[in-house]
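Report on the following structure.
Protein chains: 6
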Amino acid sequence: MSDIWLSSLITETPQEGFDLATKMARIGVKVTQPSAEVRDKLRRDYAEDPDSLIAASQVIAINFQTVAAANNYWRD
Amino acid sequence: MSDIWLSSLITETPQEGFDLATKMARIGVKVTQPSAEVRDKLRRDYAEDPDSLIAASQVIAINFQTVAAANNYWRD
Amino acid sequence: MSDIWLSSLITETPQEGFDLATKMARIGVKVTQPSAEVRDKLRRDYAEDPDSLIAASQVIAINFQTVAAANNYWRD
Amino acid sequence: MSDIWLSSLITETPQEGFDLATKMARIGVKVTQPSAEVRDKLRRDYAEDPDSLIAASQVIAINFQTVAAANNYWRD
Amino acid sequence: MSDIWLSSLITETPQEGFDLATKMARIGVKVTQPSAEVRDKLRRDYAEDPDSLIAASQVIAINFQTVAAANNYWRD
Amino acid sequence: MSDIWLSSLITETPQEGFDLATKMARIGVKVTQPSAEVRDKLRRDYAEDPDSLIAASQVIAINFQTVAAANNYWRD
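Residue numbers (our numbering), protein chains in the order written: chain Y, -7 to 68; chain G, -7 to 68; chain B, -7 to 68; chain S, -7 to 68; chain P, -7 to 68; chain F, -7 to 68.
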């Protein structure tokens, strides 16, 4: 995890902010399970489990709260 | 996910904000499970599982916090 | 869901705000499971499951955060 | 639930605020399961289930965020 | 729970704030399960259950949000 | 837990803030399970359980909200 993947929370649009929130949720998984091979294997399973999908959506929602606040909700 | 689905967090009314929060929760699922066919199949199951329904309501609630703050709670 | 059920987040008292938060939690379930008949049947089950009850209370708590902020915590 | 149980979020001390947050968590359960008899029975079970206890503590924590903000964190 | 355990949210350092958040998470368990004996027994179990440990860490994180805000993030 | 591990919430960059949030999530586990040996053993299991990984990512997300707010979202 030594390369730069999060240099700023500022994005052009809300949708790019949502994409960043998704990325943050994935990196949050990666710090516990660094193997891309294992993560890909697990993903095939949980992508068919509705509770896992809802839980993943929730982590994105929490990260998006942070990104949206950072961008002052793209109000301007 | 390359088309524009989230160009603004601003809505006319709280209820439209709630609808947007619901949409965000669903897109949060879609980024992990892109197949509409699989999502529709899963939905038939979890729509009958109370814990999944409560969890889905929670993701909407979290997204609604963000949308409501963006709209200054539609106070004006 | 086309009728108006959320025209404002402003309530007279904290308790009415809590009632609104409860309503929002229920609508959050309804958007995924539109059938009142199915929801009533599921409710008989989860109303006897402590974990479901705690989870439902949590969704209310999250929605209440939003309603309370909208009302400036009824401080005035 | 027609009597007044939440007339204000303001408390004298943080601890009274924590007590209020606990009460809110319990009322959040009560709105789904109105029977005191059933709730008492369920409580004997989940009070011995660590995951239920942690989940209950989480609902209190979320409600306490609201109460603490309402009281401006009892800073003055 | 009649003695004073939460007289202030203000702490000298972030780390003391984290300790306070941990204490709040534990008191949140204690209000549902007042018996220290039962809690100690349960703890031996859930301290070996990764999901319980992650859930406990989450409750601390939520309480720490409150404590950190109360202390203005120890910025000064 | 008597040594200093959290002297400040301020970090140079968002990514360092994310690393700090990860550390906070881990310390939140450590306060309940102090044995590094047990934690390492548990980690091998939950690092292959998608739901645990998503839950861990969520705790990081919650802690990151706090760190990001403390740093005024690294806007300046």
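Idealized CB from N, CA, C, for every residue including glycine.
Segments of 4+ residues assigned as alpha helix (DSSP H) that fall wholly inside the segment -4 to 32 of chain Y
6 to 22
7 Å Cβ cutoff, residue 34 of chain S in contact with chain B:
yes
I want to verify the contact list: residues of chain G whose CB lies under 7 Å from the CB of residue -3 of chain B, in sequence order.
7
From residue 60 of chain P to residue 13 of chain Y, what distance separates their C-alpha atoms?
23 Å
Using a Cβ-Cβ distance under 7 Å, would residue 14 of chain P count as near chain S?
no
Classification of residue 51 of chain Y by the beta-carbon crowding that lies within 10 angstroms, buried from 16 upward
buried
At which residues does the alpha helix (DSSP H) containing residue 64 of chain B begin and terminate?
Segment: none, residue 64 of chain B is in no alpha helix (DSSP H) and carries neither H nor E.
Can you look up residue 41 of chain Y in the DSSP assignment and give me helix, strand or coil?
coil
Residue-chain proximity (residue 1 of chain B, chain G), Cβ-Cβ < 7 Å:
yes
Output yes or no for whether 7 Å exceeds the beta carbon distance between residue 49 of chain Y and residue 53 of chain G.
no
If I'm right that residue 23 of chain S touches residue 31 of chain S with Cβ under 8 Å, what's the distance once you round it to whole angstroms?
No, residue 23 of chain S and residue 31 of chain S are not in contact; Cβ-Cβ is about 11 Å, not under 8 Å.
Contacting residues, own chain, Cβ-Cβ under 7 Å from residue 5 of chain G (five flanking each side not counted)
66
Distance between residue 43 of chain P and residue 43 of chain Y (C-alpha atoms, nearest Å)
15 Å
Give me the residue from S/41, S/68 and S/7 with the minimum Cα distance to residue 57 of chain S.
S/7
How about residue 43 of chain F: is its C-beta nearer than 7 Å to some C-beta of chain C?
Among the protein chains of the structure shown, namely Y, G, B, S, P and F, there is no chain C.
Could you tell me whether any Cβ in chain S is nearer than 7 Å to the Cβ of residue 27 of chain B?
no
Evaluate residue 46 of chain F with the Cβ neighbour count: other Cβ atoms within 10 Å of its Cβ, from every protein chain shown; 16 or more gives buried, anything less gives exposed.
buried
Mark residue 55 of chain P as exposed unless 16 or more other C-beta atoms lie within 10 angstroms of its C-beta, in which case mark it buried.
buried
Find out if the Cβ-Cβ distance for the pair residue 113 of chain S, residue 19 of chain S is shorter than 7 Å.
Here chain S comprises residues numbered -7 to 68, so residue 113 of chain S is not present and cannot be evaluated.
Please go through the same chain and pick out, in chain order, the residues whose beta-carbon is closer than 6 Å to the beta-carbon of residue 25 of chain F, but skip the five residues on each side of it.
31
Residue 39 of chain F versus residue -4 of chain S - alpha carbon distance
48 Å
Would you tell me roughly how many angstroms separate the C-alpha atoms of residue 27 of chain Y and residue 37 of chain B, rounded to the nearest one?
40 Å
Closest Cβ-Cβ distance between residue 38 of chain S and chain B: below 7 Å?
yes
Of all Cβ atoms in chain G, is any one closer than 7 Å to the Cβ of residue 46 of chain B?
no
Residue-chain proximity (residue 60 of chain Y, chain F), Cβ-Cβ < 7 Å:
no
Please name the residue in S/9, S/0 and S/-1 whose C-alpha comes closest to that of residue -2 of chain P.
S/9
Verify the CB distance criterion: does residue 52 of chain S have a CB-CB separation below 7 Å to chain P?
yes
Quick check: what's the CA-CA separation for residue 68 of chain B versus residue 34 of chain P?
44 Å
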